[in-house]
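In my numbering, the protein residues as written are 26 to 273.
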(Lines of atoms letter the chains of each structure in order from A; the text may use other names.)
(Lines give C-alpha, C1' and ligand atoms only; values in the text may rest on other atoms or scores of the structure.)
Protein backbone atom coordinates (compact mmCIF):
# COMPACT_ATOMS: atom_id res chain seq x y z
CA UNK A 26 0.00 0.00 0.00
CA UNK A 27 1.46 3.33 -1.07
CA UNK A 28 2.01 6.01 1.52
CA UNK A 29 0.10 9.29 1.39
CA UNK A 30 1.36 12.86 1.74
CA UNK A 31 -0.37 16.25 1.77
CA UNK A 32 1.61 19.25 0.54
CA UNK A 33 0.00 22.63 1.17
CA UNK A 34 0.76 25.27 -1.43
CA UNK A 35 1.83 22.41 -3.65
CA UNK A 36 1.15 23.88 -7.08
CA UNK A 37 4.17 26.17 -7.44
CA UNK A 38 7.81 26.51 -6.46
CA UNK A 39 9.14 24.39 -3.62
CA UNK A 40 5.72 22.87 -3.03
CA UNK A 41 5.34 21.61 -6.60
CA UNK A 42 8.90 20.28 -6.74
CA UNK A 43 8.25 18.44 -3.48
CA UNK A 44 4.97 17.00 -4.75
CA UNK A 45 6.66 15.70 -7.90
CA UNK A 46 9.48 14.14 -5.87
CA UNK A 47 7.06 12.28 -3.61
CA UNK A 48 4.99 11.12 -6.58
CA UNK A 49 8.10 9.76 -8.30
CA UNK A 50 8.71 7.75 -5.13
CA UNK A 51 5.26 6.12 -5.31
CA UNK A 52 3.39 8.23 -2.77
CA UNK A 53 -0.27 9.14 -3.08
CA UNK A 54 0.16 12.91 -3.39
CA UNK A 55 -2.40 15.51 -2.34
CA UNK A 56 -1.66 19.14 -3.14
CA UNK A 57 -3.59 22.23 -2.11
CA UNK A 58 -3.85 25.84 -3.21
CA UNK A 59 -6.05 28.81 -2.42
CA UNK A 60 -6.58 29.15 -6.16
CA UNK A 61 -9.01 26.44 -7.29
CA UNK A 62 -8.10 27.22 -10.91
CA UNK A 63 -4.69 25.63 -10.31
CA UNK A 64 -6.23 22.15 -10.39
CA UNK A 65 -6.27 21.71 -14.16
CA UNK A 66 -2.70 22.93 -14.53
CA UNK A 67 -1.18 20.76 -11.80
CA UNK A 68 -3.09 17.60 -12.77
CA UNK A 69 -2.01 18.09 -16.39
CA UNK A 70 1.64 18.54 -15.43
CA UNK A 71 1.63 15.38 -13.33
CA UNK A 72 -0.03 13.39 -16.13
CA UNK A 73 2.61 14.68 -18.55
CA UNK A 74 5.20 13.14 -16.22
CA UNK A 75 3.26 9.86 -15.95
CA UNK A 76 2.17 10.67 -12.40
CA UNK A 77 -1.07 11.17 -10.50
CA UNK A 78 -2.06 13.86 -8.03
CA UNK A 79 -5.14 14.80 -6.03
CA UNK A 80 -5.99 18.48 -5.69
CA UNK A 81 -8.06 20.20 -3.02
CA UNK A 82 -8.67 23.96 -2.84
CA UNK A 83 -7.60 25.20 0.58
CA UNK A 84 -7.14 28.42 2.48
CA UNK A 85 -4.77 27.34 5.25
CA UNK A 86 -5.94 30.21 7.46
CA UNK A 87 -9.36 28.54 7.69
CA UNK A 88 -9.25 25.87 10.40
CA UNK A 89 -12.40 24.09 9.21
CA UNK A 90 -11.05 23.83 5.66
CA UNK A 91 -7.76 22.36 6.88
CA UNK A 92 -9.58 19.77 8.99
CA UNK A 93 -11.81 18.92 6.03
CA UNK A 94 -8.94 18.39 3.58
CA UNK A 95 -7.18 16.05 5.99
CA UNK A 96 -10.42 14.16 6.61
CA UNK A 97 -11.06 13.82 2.85
CA UNK A 98 -7.51 12.59 2.31
CA UNK A 99 -7.86 9.89 4.96
CA UNK A 100 -11.26 8.92 3.54
CA UNK A 101 -9.81 8.55 0.03
CA UNK A 102 -6.51 6.82 0.82
CA UNK A 103 -7.14 5.14 4.17
CA UNK A 104 -4.55 7.05 6.17
CA UNK A 105 -2.23 10.04 6.18
CA UNK A 106 1.47 9.28 6.50
CA UNK A 107 3.01 12.72 6.04
CA UNK A 108 2.15 16.39 5.76
CA UNK A 109 4.36 19.14 4.38
CA UNK A 110 3.21 22.52 5.66
CA UNK A 111 4.62 24.55 2.81
CA UNK A 112 2.11 27.40 2.34
CA UNK A 113 3.57 30.75 3.31
CA UNK A 114 3.68 34.41 2.40
CA UNK A 115 6.08 37.32 2.76
CA UNK A 116 4.70 40.84 2.69
CA UNK A 117 6.16 44.30 2.99
CA UNK A 118 9.84 44.71 3.63
CA UNK A 119 10.82 47.69 5.75
CA UNK A 120 12.41 48.62 9.04
CA UNK A 121 9.98 47.75 11.82
CA UNK A 122 8.73 51.27 12.61
CA UNK A 123 7.75 51.67 8.96
CA UNK A 124 5.89 48.38 8.61
CA UNK A 125 2.18 47.80 8.17
CA UNK A 126 0.41 46.03 11.05
CA UNK A 127 -1.99 44.30 8.66
CA UNK A 128 0.95 42.70 6.86
CA UNK A 129 2.07 41.12 10.11
CA UNK A 130 -1.43 39.84 10.86
CA UNK A 131 -1.66 38.24 7.42
CA UNK A 132 1.74 36.60 7.76
CA UNK A 133 0.92 35.26 11.20
CA UNK A 134 -2.40 33.89 9.90
CA UNK A 135 -0.76 32.05 7.00
CA UNK A 136 2.75 31.27 8.19
CA UNK A 137 1.92 30.41 11.80
CA UNK A 138 -1.76 29.56 12.17
CA UNK A 139 -1.77 27.75 8.82
CA UNK A 140 1.12 25.57 9.96
CA UNK A 141 -0.49 25.07 13.37
CA UNK A 142 -3.79 23.91 11.83
CA UNK A 143 -2.00 21.56 9.45
CA UNK A 144 0.01 20.05 12.28
CA UNK A 145 -2.96 19.79 14.63
CA UNK A 146 -5.29 17.88 12.33
CA UNK A 147 -2.59 15.80 10.65
CA UNK A 148 -1.30 14.66 14.04
CA UNK A 149 -4.84 13.78 15.15
CA UNK A 150 -5.19 11.60 12.04
CA UNK A 151 -1.74 10.03 12.45
CA UNK A 152 -2.33 9.10 16.08
CA UNK A 153 -5.24 6.93 14.95
CA UNK A 154 -3.13 4.94 12.49
CA UNK A 155 0.17 4.42 14.28
CA UNK A 156 2.15 7.54 13.49
CA UNK A 157 3.55 9.59 10.65
CA UNK A 158 5.76 12.54 9.83
CA UNK A 159 5.41 16.31 9.67
CA UNK A 160 7.74 18.63 7.78
CA UNK A 161 7.32 22.39 8.15
CA UNK A 162 8.79 25.13 5.99
CA UNK A 163 10.86 27.44 8.14
CA UNK A 164 13.57 29.71 6.73
CA UNK A 165 16.95 31.21 7.46
CA UNK A 166 14.70 34.05 8.67
CA UNK A 167 13.42 31.67 11.34
CA UNK A 168 16.89 31.23 12.77
CA UNK A 169 18.48 34.64 12.26
CA UNK A 170 17.37 38.23 12.03
CA UNK A 171 17.41 39.65 8.52
CA UNK A 172 17.35 43.33 7.66
CA UNK A 173 13.90 44.88 7.05
CA UNK A 174 12.07 41.59 7.60
CA UNK A 175 11.25 41.61 11.33
CA UNK A 176 7.63 40.62 10.69
CA UNK A 177 8.60 37.69 8.48
CA UNK A 178 11.34 36.78 10.98
CA UNK A 179 8.71 36.59 13.72
CA UNK A 180 6.45 34.28 11.71
CA UNK A 181 9.23 31.88 10.76
CA UNK A 182 10.70 31.83 14.29
CA UNK A 183 7.22 30.71 15.38
CA UNK A 184 7.36 27.83 12.90
CA UNK A 185 10.64 26.73 14.47
CA UNK A 186 9.02 26.87 17.91
CA UNK A 187 5.99 24.85 16.81
CA UNK A 188 8.27 22.26 15.23
CA UNK A 189 10.50 21.77 18.26
CA UNK A 190 7.71 21.88 20.83
CA UNK A 191 5.47 19.41 19.02
CA UNK A 192 8.43 17.11 18.33
CA UNK A 193 8.84 16.68 22.08
CA UNK A 194 5.10 16.14 22.54
CA UNK A 195 4.96 13.20 20.12
CA UNK A 196 8.50 11.78 20.28
CA UNK A 197 7.30 8.50 21.81
CA UNK A 198 4.07 8.28 19.83
CA UNK A 199 5.42 7.42 16.39
CA UNK A 200 5.32 10.93 14.96
CA UNK A 201 8.49 12.69 13.83
CA UNK A 202 8.27 16.45 13.33
CA UNK A 203 11.02 18.43 11.59
CA UNK A 204 11.47 21.53 9.46
CA UNK A 205 13.65 22.79 6.65
CA UNK A 206 15.21 26.24 6.69
CA UNK A 207 15.98 27.28 3.10
CA UNK A 208 18.19 30.13 2.06
CA UNK A 209 17.41 32.03 -1.15
CA UNK A 210 15.86 29.64 -3.65
CA UNK A 211 15.12 30.12 -7.35
CA UNK A 212 11.33 30.32 -7.54
CA UNK A 213 8.85 32.26 -9.67
CA UNK A 214 8.31 34.66 -6.77
CA UNK A 215 12.04 35.27 -6.52
CA UNK A 216 12.25 35.76 -10.28
CA UNK A 217 9.45 38.33 -10.13
CA UNK A 218 11.45 40.31 -7.59
CA UNK A 219 14.48 40.17 -9.87
CA UNK A 220 12.40 41.31 -12.84
CA UNK A 221 11.08 44.22 -10.79
CA UNK A 222 14.61 45.30 -9.97
CA UNK A 223 14.13 44.86 -6.23
CA UNK A 224 17.57 43.25 -6.09
CA UNK A 225 19.94 41.32 -8.31
CA UNK A 226 20.62 37.61 -8.32
CA UNK A 227 24.29 38.35 -7.65
CA UNK A 228 23.56 40.42 -4.54
CA UNK A 229 21.37 37.72 -3.01
CA UNK A 230 23.72 34.89 -4.00
CA UNK A 231 26.55 36.71 -2.24
CA UNK A 232 24.94 36.33 1.20
CA UNK A 233 25.60 32.59 0.95
CA UNK A 234 29.19 31.37 1.38
CA UNK A 235 28.66 29.13 -1.66
CA UNK A 236 27.85 32.34 -3.61
CA UNK A 237 24.86 30.91 -5.44
CA UNK A 238 21.12 30.37 -5.10
CA UNK A 239 19.46 27.09 -4.23
CA UNK A 240 17.17 25.13 -6.53
CA UNK A 241 13.67 24.00 -5.57
CA UNK A 242 14.79 20.39 -6.03
CA UNK A 243 17.39 20.89 -3.26
CA UNK A 244 14.58 21.59 -0.82
CA UNK A 245 12.28 18.89 -2.20
CA UNK A 246 14.89 16.17 -1.67
CA UNK A 247 15.55 17.31 1.89
CA UNK A 248 11.84 17.37 2.70
CA UNK A 249 11.47 13.86 1.31
CA UNK A 250 14.36 12.64 3.45
CA UNK A 251 12.79 14.10 6.60
CA UNK A 252 9.36 12.67 5.80
CA UNK A 253 10.28 9.23 4.52
CA UNK A 254 11.59 6.01 6.03
CA UNK A 255 15.07 7.01 4.87
CA UNK A 256 15.21 8.87 8.18
CA UNK A 257 13.96 7.37 11.44
CA UNK A 258 16.00 9.06 14.19
CA UNK A 259 15.49 12.78 13.57
CA UNK A 260 12.79 14.82 15.24
CA UNK A 261 12.73 18.44 16.32
CA UNK A 262 15.46 19.18 13.78
CA UNK A 263 15.64 22.36 11.71
CA UNK A 264 17.58 21.33 8.62
CA UNK A 265 19.51 24.22 7.08
CA UNK A 266 19.63 24.17 3.27
CA UNK A 267 21.23 27.53 2.80
CA UNK A 268 24.52 27.39 0.93
CA UNK A 269 26.41 27.79 4.20
CA UNK A 270 24.54 30.88 5.40
CA UNK A 271 24.17 29.61 8.97
CA UNK A 272 27.79 28.49 9.14
CA UNK A 273 28.89 32.13 9.36
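Here a beta-carbon is modelled for each residue, glycine too, at the ideal position from N, C-alpha and C.
- Per DSSP, the continuous beta strand (DSSP E) segment holding residue 161 begins and ends at 157-162.
- At a cut-off of 3 residues, the continuous stretches assigned as beta strand (DSSP E) that sit fully inside the stretch 45-113 are 53-58, 79-82, 107-110.
- For residue 203, the beta-bridge partners assigned by DSSP are 160.
- In chain order, 142 place their CB closer than 6 Å to the CB of residue 88, counting only its own chain and leaving out the 5 sequence neighbours on each side.
- Taking all protein chains shown into account, residue 162 has 16 or more neighbouring C-beta atoms within 10 Å of its C-beta and is therefore buried.
- Residue 86 and residue 73 have their C-alpha atoms spaced approximately 31 Å apart.
- For residue 29, the enclosing beta strand (DSSP E) stretches over residues 29-32.
- Residues 208, 233, 234, 235, 237, 239 of the same chain have their beta carbon placed closer than 7 Å to that of residue 268, with the five preceding and five following residues left out of the count.
- Comparing alpha carbon positions, the residue from 71, 103, 55, 66 closest to residue 81 is 55.
- Cβ contact annotation for residue 196 (same chain, cutoff 7 Å, sequence separation greater than five): 260, in chain order.
- By the Cβ neighbour-count rule, residue 101 is exposed, with fewer than 16 other Cβ atoms within 10 Å of its own.
- Burial check for residue 214: the Cβ neighbour count within 10 Å stays below 16, so the residue is exposed.
- In the structure shown, residue 190 adopts helical secondary structure according to DSSP, grouped into three states.
- Comparing alpha-carbon positions, the option among 111, 107, 70 lying closest to residue 84 turns out to be 111.
- Taking 8 Å as the cut-off, the Cβ atoms of residue 109 and residue 204 do not count as close.
- Between the stretch 145-154 and the stretch 169-188 there are fewer than three inter-stretch CB-CB distances shorter than 8 Å, so the stretches are not counted as touching.
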